[in-house]
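Residue numbers (mature numbering (1 follows the signal peptide of the UniProt record, and there is no 0)): -22 to -1, 1 to 940. A short write-up of the structure that comes next.
Here you go:
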């Protein structure tokens, strides 16, 4: 201090930032430049837009190694004390298929305010003397960077001098500034003062959202005491206003007194707690690069941590697999809070068949859905079955005819996978043999009884006692009888009753012998032989009226009543069947005298009646028939293979009854023994019995063909009727829709069930497309049978007929149009498959060339244009031409205008001509009327053909008429 004067100095720091970088480098720094107080925290975001191969930070402090799979990386230092950090963000990229690297350098200024600022007089103490020169010195200790420093000198409120520095040193230095003064008497007591000086204010500040600028510790000194004000975007900003995140940016802190004003830029960031801005569900494709980004907004930029469903922290890999699917919890954390977000990752992947055998066997009636074919995929694949390249419903019950190769497909939007499955349809056995077989004794037989089924059934034979056996190659009569065949496979057991009838020739007679009788006595000769078929008997004997033959129950009885001498002689019995014959001759001798014949002897008539005389019964149903005898008898009974009735006496009727008739060749007949006029007689009545069975199934199919039919080709339909009896009463009727097409009947006399088929040849045409064929099996069993006759109908067979494309209107068409007209051209055609259409003509545009039946011709120029349409499918094509004659439009307007113009010219010429003649005749001109007299006419004026006495004088010069 000199002479009571107060010497003070002023210094100020001015900082600025510069952003440098290549324009095409996709790296951005936020903020691009930073001014930070030495020892304060600092953080900068490096953000990359688009794909990259790695980004990182190079720096002498807190370097960040290169990372991939992120869009930003932060360089951060909690206490920056390095003066030459030099941070720069770098990135590796592939641009136009070439590897490239670029970087952005952070414009960083680390500053430090001085430890002290002091003013002194150099080499002098005590009062100063007027007129002498003195040197004042201002010393600033430890300030950085010095190149931004300005020292200002004041005397009172007057700026005396200022000093700046060019030293580029970044580290703290101590500098000084000097001022030469020569005081006068007026300076006695003068004070060297200074402008406002900001003593404390960070140039980078972070506040919590909701805090005001007053929370920032910015202080200023000065003499007089400065007034502090905040500015943003050159407008004053209230320091008490609560800040929001949108208020982040650069502010200017100003301190002002009457000596001056000082500014300091403050880069303000407003911190706030994280908030997520991503979806709750993401879909990614397995093993592909995903763009799954879930970011959180907040400041400082929140750190995001991923946790799986088990709460384990993890990092999501660049390629996800299905095991990564599930729910994740993301936790975003920064200085101001923590936020959680639940995210579901759905990993999509192509279908994969997880379970499906290539050879499968199903039971008949089960659908394809029964096969354990499973597929996984995301989205869940749609499974479809195909057979012969056509889709096959997996819910359709399968039949034995559906055996074959199928293709199981699983499809989702990412792909499709196939697997061939060889399917066999298993079904329970069914016998396809008769219920009765005839074999010849001791000869090789061809008796085969097979059963259809899958797997091939095993067949076991049992006799009537239930004993299992194997049938020998040669059968004898002891093998005749009923057998039960049991066919067994995986899917069931079927039983079949079979009657074996062993045929053998007649045997030698055992009871036929010679007889001697007295005249008038009765005698009977019995001829009995065993054979199968039952032998047919014939007698040869002396002719006589008293001899009668009776045959029944395998016995032929020759009864002779009232024997006479004419009955003497040899009696020969012959027995035969289709396998052989036997005969024997005996002698009858009649002893005694002849007696007169009895004239009262009547001819014997069989008194047996059946009620009903004929029966039609369903196989397995009950049946009963009464046999009634009028008059006396010696016994009546029933012969039958099932439920025979032994001969009884003392009754007038006997009933043959079966609760469940299952024998196809029962052959019931009622017999009776009678004595008429002392003569022994036997007779019988055979029941007319029909045992019937409706078919197990009636089905229709196409022989040796699958898929659509082609018009004009011949196909054979087959109707199969399984296990029907008796076939001689069967009529198979063929229908197309409701129309009877054909019918088939059968002459086979087999009584047991048989499987038969009927065929129908068809040659379909286009009108048959979608037609339904069916066949009906009808048993016409006569009036005794069920009414109406039983019938079974097959499921309809719908046929799909392919036929060539045919135009609905095949004739060529011609149109006459003007140049500004278009016309619709209709080329509709019928065909199966549906026809495709093609058009050819130079005016066609691209849309008209498409596959369509109707187009509209373009606006054409004058002339003839031809459009050709062709409708085609794989069976043929047909074309037609559309000829369009374009008549040019004649523009009559110029012609009319010309005519009108000529007319106007002619009229004008005529008018001028007439006018000129009229002008000469009337001497039209200008006249003076001032001196006219009523008695004299000075000129002729046209007065509409009349004279006028108005006096006129012709003017010598042209002039105005007054």
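Note that the Cβ used here is the ideal one computed from N, Cα and C, for glycine as well.
Please state whether the Cβ-Cβ distance between residue i and residue j is less than 8 Å.
| i | j | result |
| --- | --- | --- |
| residue 539 | residue 500 | yes |
| residue 497 | residue 551 | no |
| residue 788 | residue 851 | no |
| residue 352 | residue 334 | yes |
| residue 21 | residue 53 | yes |
| residue 321 | residue 340 | no |
| residue 121 | residue 129 | no |
| residue 482 | residue 456 | no |
| residue 478 | residue 458 | yes |
| residue 1014 | residue 361 | No information on residue 1014 is available, as it lies outside the stretch -22 to 940 that the chain covers here. |
| residue 124 | residue 93 | no |
| residue 328 | residue 376 | no |
| residue 245 | residue 278 | no |
| residue 599 | residue 566 | no |
| residue 767 | residue 759 | yes |
| residue 755 | residue 777 | no |
| residue 951 | residue 403 | An answer regarding residue 951 cannot be provided, because it is not within the stretch -22 to 940 covered by the chain. |
| residue 553 | residue 646 | no |
| residue 209 | residue 177 | no |
| residue 332 | residue 354 | yes |
| residue 752 | residue 772 | yes |
| residue 57 | residue 9 | no |
| residue 515 | residue 534 | yes |
Can you check which of these residues, the options, is closest to residue i by C-alpha distance?
| i | options | result |
| --- | --- | --- |
| residue 944 | 276, 275 and 292 | Residue 944 is absent from the model: the chain starts at -22 and stops at 940. |
| residue 775 | 694, 199 and 623 | 694 |
| residue 132 | 158, 793 and 20 | 158 |
| residue 863 | 839, 351 and 53 | 839 |
| residue 666 | 602, 418 and 843 | 602 |
| residue 713 | 740, 441, 702 and 727 | 740 |
| residue 511 | 532, 240 and 302 | 532 |
| residue 6 | 31, 50 and 888 | 50 |
| residue 25 | 19, 249, 288 and 45 | 45 |
| residue 306 | 315, 312, 274 and 324 | 324 |
| residue 432 | 816, 525 and 469 | 469 |
| residue 81 | 57, 108 and 34 | 34 |
| residue 187 | 47, 410 and 249 | 249 |
| residue 781 | 140, 373 and 854 | 854 |
| residue 32 | 11, 525 and 71 | 71 |
| residue 643 | 669, 663, 650 and 654 | 669 |
| residue 612 | 203, 626 and 525 | 626 |
| residue 289 | 295, 304 and 296 | 304 |
| residue 653 | 679, 2 and 585 | 585 |
| residue 76 | 56, 733, 203 and 30 | 30 |
| residue 857 | 661, 791 and 36 | 791 |
Could one say the Cβ of residue i lies closer than 8 Å to chain B's Cβ atoms, at least one of them?
| i | result |
| --- | --- |
| residue 397 | The question asks about chain B, but that chain is absent: this structure has only one protein chain. |
Using 8 Å for Cβ pairs, my map puts residue i next to residue j. What's the rounded Cβ distance?
| i | j | result |
| --- | --- | --- |
| residue 737 | residue 700 | With 8 Å as the limit, residue 737 and residue 700 do not qualify as a contact, their Cβ atoms being about 16 Å apart. |
| residue 326 | residue 263 | 5 Å |
| residue 632 | residue 623 | 5 Å |
| residue 418 | residue 557 | 7 Å |
| residue 958 | residue 427 | Since the first and last residues shown for the chain are -22 and 940, residue 958 lies out of range. |
| residue 156 | residue 115 | 5 Å |
| residue 195 | residue 185 | Rounded, the Cβ-Cβ distance is 11 Å, inconsistent with contact. |
Should residue i be listed as close to the ligand SAH, given that the test is whether its C-beta is under 7 Å from any heavy atom?
| i | result |
| --- | --- |
| residue 158 | What this structure holds is no ligand at all, so the ligand SAH is not there to describe. |
- Message: Count Cβ pairs between the segment 665 to 679 and the segment 694 to 708 that sit closer than 8 Å; are there 3 or more?
- Response: With a cut-off of 8 Å, the segment 694 to 708 and the segment 665 to 679 count as touching, because enough Cβ pairs lie within range.
- Task: Just list the beta strand (DSSP E) runs in the segment 650 to 711, keeping only unbroken ones of 3 residues or longer that don't cross its boundaries, in chain order.
- Result: Complete beta strand (DSSP E) runs here, min 3: 657 to 664, 666 to 670, 675 to 680 and 693 to 702.
- Task: Check whether the segment 58 to 72 touches the segment 38 to 50, taking contact to mean three or more Cβ pairs, one atom from each stretch, closer than 8 Å.
- Result: Touching, yes.
- Message: Does the segment 364 to 384 come into contact with the segment 340 to 348, if we say contact requires no fewer than three beta-carbon pairs (one atom in each stretch) closer than 8 Å?
- Response: At 8 Å Cβ cutoff, the stretches touch.
- Query: Along the chain, which unbroken stretches of the alpha helix (DSSP H) at least 4 residues long are found entirely within the segment 158 to 187?
  - Reply: Those alpha helix (DSSP H) runs which fall completely within the segment 158 to 187 and span 4+ residues do not exist here.
- Item | At least 3 beta-carbon pairs within less than 8 Å: the segment 841 to 851 vs the segment 873 to 889 | Result no; under three Cβ-Cβ pairs closer than 8 Å.
- Unbroken alpha helix (DSSP H) runs of length 4 or more, entirely within the segment 88 to 115: which are they? Counting whole runs of 4 or more residues, the segment 88 to 115 contains no alpha helix (DSSP H) stretch at all.
- Is it true that the segment 418 to 438 meets the segment 458 to 468, where meeting means three or more beta-carbon pairs spaced less than 8 Å apart? In the pairwise beta carbon analysis, the segment 418 to 438 is classified as touching the segment 458 to 468: at least three pairs are separated by under 8 Å.
- Message: Across the segment 215 to 235 and the segment 266 to 274, are there enough close Cβ pairs to call them in contact, namely three or more that are closer than 8 Å?
- Response: No, they do not touch.
- Would you mind listing the beta strand (DSSP E) stretches within the segment 597 to 647 that are 3+ residues and don't spill past its ends, in chain order? Here the runs fully enclosed are 601 to 607, 613 to 617, 623 to 626 and 631 to 636.
- Query: Would you say the segment 102 to 110 touches the segment 74 to 91, given that touching needs at least three Cβ pairs under 8 Å?
  - Reply: Touching, no, given that fewer than three Cβ pairs across the two stretches are closer than 8 Å.
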